[in-house]
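Engineer: Numbering (my numbering) for the sequence shown: 295 to 489.
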Amino acid sequence: MACTRSTSSTALPEVVARLQAGGRMLDFGCGSGRVAMAVKRAFPAAQVTGFDIDAQSIQRAREAASGQNLKIEFATAPPKGQFDLVTICDCIHDLAAPVETLRQVHRLVKPEGTLFIVEPKAADRLEDNRNPVATMFYGFSLFHCMTQSLACGGPGLGTCMGPGQTEKLVREAGFRGFRMLDIKSMTNLFYAATP
295 MACTRSTSST ALPEVVARLQ AGGRMLDFGC GSGRVAMAVK RAFPAAQVTG FDIDAQSIQR
355 AREAASGQNL KIEFATAPPK GQFDLVTICD CIHDLAAPVE TLRQVHRLVK PEGTLFIVEP
415 KAADRLEDNR NPVATMFYGF SLFHCMTQSL ACGGPGLGTC MGPGQTEKLV REAGFRGFRM
475 LDIKSMTNLF YAATP
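1) Taking Leu379 as part of the beta strand (DSSP E), name the residues at either end of that continuous run.
2) Quick check: Phe345 and Ala369, are their CB atoms within less than 8 Å of each other?
3) Rank Lys365, His400, Cys324 and Thr343 by C-alpha distance to the C-alpha of Gln350 and give the top, closest one.
4) Starting from Tyr453, trace the alpha helix (DSSP H) in both directions and tell me its first and last residue.
5) Quick one: is Ile386 buried, meaning 16 or more other Cβ sit within 10 Å of its Cβ, or exposed?
6) Per DSSP, which residues does Asp321 bridge with? Please list them.
7) Relative to the C-alpha of Arg335, which candidate in Gln314, Arg354 and Asp348 has its C-alpha closest?
8) Does DSSP put Leu364 in a helix, in a strand, or in coil?
9) Would you list the residues sitting across from Asn423 in a DSSP beta bridge?
10) Smallest Cα separation from Glu367: which of Glu421, Val427 and Arg318?
11) Does DSSP classify Leu396 as helix, strand or coil?
12) What residues are listed by DSSP as bridge partners for Ile411?
13) Using alpha carbons as the reference points, say which of Lys365, Ile347 and Asp348 lies closest to Ala339.
14) Pick out whichever of Leu451, Leu483 and Gly456 has its Cα sitting closest to the Cα of Leu389.
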């Protein structure tokens with residue numbers, strides 16, 4: 295998983311230092327809490343919070359964390375305060391209002407903090423996505439991601455929105471810094487954004 299100490303220490307050393315020192319981390323759109331739990335295991339001193347609007351996912355996250363004796367706050371209400379690290383993993387492309395949501399996220403990131411984004415691995419141009427992984431992602435898009443967004447009046451970005459679209463959304467939401475991280479994965483791209 296990309297959010298572990300070994301991967302993040304080379305890609306985001308400043309984030310590692312903050313989490314080791316007890317910094318605050320928020321997993322925005324946490325689902326069943328896998329990323330939040332991985333971060334808490336890697337950085338026991340960190341104050342970890344998971345947020346998702348789906349009550350069933352939050353309940354599963356609470357049960358899983360409790361079963362592993364991990365102290366993590368999971369909530370369906372938007373969190374208060376600001377965080378050293380906010381993660382948003384495999385989520386932006388599903389949103390009905392991605393820019394508005396990222397603006398909310400922007401307010402949650404401390405001025406010296408980092409937004410860590412994980413999105414499916416895809417190129418900006420359709421013709422550059424001729425590979426088995428992208429084919430699978432296009433299938434996911436048609437049957438879930440785009441459908442979910444479009445049904446709520448959203449843009450229907452889908453899993454293959456690519457780095458250019460990701461950067462455009464992030465910058466439109468107010469983030470000034472944006473970079474793709476050099477983390478190797480067959481299925482995902484990783485980005486860091488700063489206020």
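Ideal Cβ placement from N, Cα and C applies to all residues, glycine included.
Structural biologist: On the basis of the data shown:
1) Sequence index remark: in the sequence shown, residue 379 carries index 85 (1-based). Here the beta strand (DSSP E) through Leu379 covers Phe377 to Cys383.
2) Residue numbering aside, residue 345 sits at position 51 when the sequence shown is read from its first letter. Residue numbering aside, residue 369 sits at position 75 when the sequence shown is read from its first letter. Contact flag set, yes.
3) If you number the sequence shown from 1, residue 350 lands on position 56. Gln350 has its Cα closest to that of Cys324, out of Lys365, His400, Cys324 and Thr343.
4) Translated into the one-based positions of the sequence shown, residue 453 becomes position 159. It is Thr, not Tyr, that sits at residue 453 in the sequence shown. That residue, Thr453, is in no alpha helix (DSSP H); it is neither H nor E in DSSP.
5) As a first step, residue 386 must be located in the sequence shown, where it is residue number 92. Answer is buried; the Cβ neighbour count reaches 16.
6) Residue numbering aside, residue 321 sits at position 27 when the sequence shown is read from its first letter. For Asp321, which the question treats as bridged, DSSP gives the partners Gly344 and Thr381.
7) Indexing the sequence shown from 1 puts residue 335 at position 41. Checking every option, the nearest Cα to that of Arg335 belongs to Gln314.
8) Taking the sequence shown and counting its residues from 1, the one referred to as residue 364 is at position 70. Leu364 falls in the coil class under three-state DSSP.
9) As a first step, residue 423 is located in the sequence shown; it is residue number 129 there, counting from the start. Asn423 pairs with nothing; no bridge assigned.
10) If you number the sequence shown from 1, residue 367 lands on position 73. Closest option to Glu367, Cα to Cα, is Arg318.
11) Mapped onto the sequence shown, residue 396 falls at position 102. Correct three-state label for Leu396: helix.
12) The residue labelled residue 411 in the question sits at position 117 within the sequence shown. According to DSSP, Ile411 bridges with Ile382 and Tyr485.
13) Translated into positions along the sequence shown, residue 339 becomes position 45. If you compare the alpha carbons of Lys365, Ile347 and Asp348 with that of Ala339, the shortest gap goes to Lys365.
14) As a working note, residue 389 is residue 95 in the sequence shown. The candidate whose alpha carbon is nearest that of Leu389 is Leu451.
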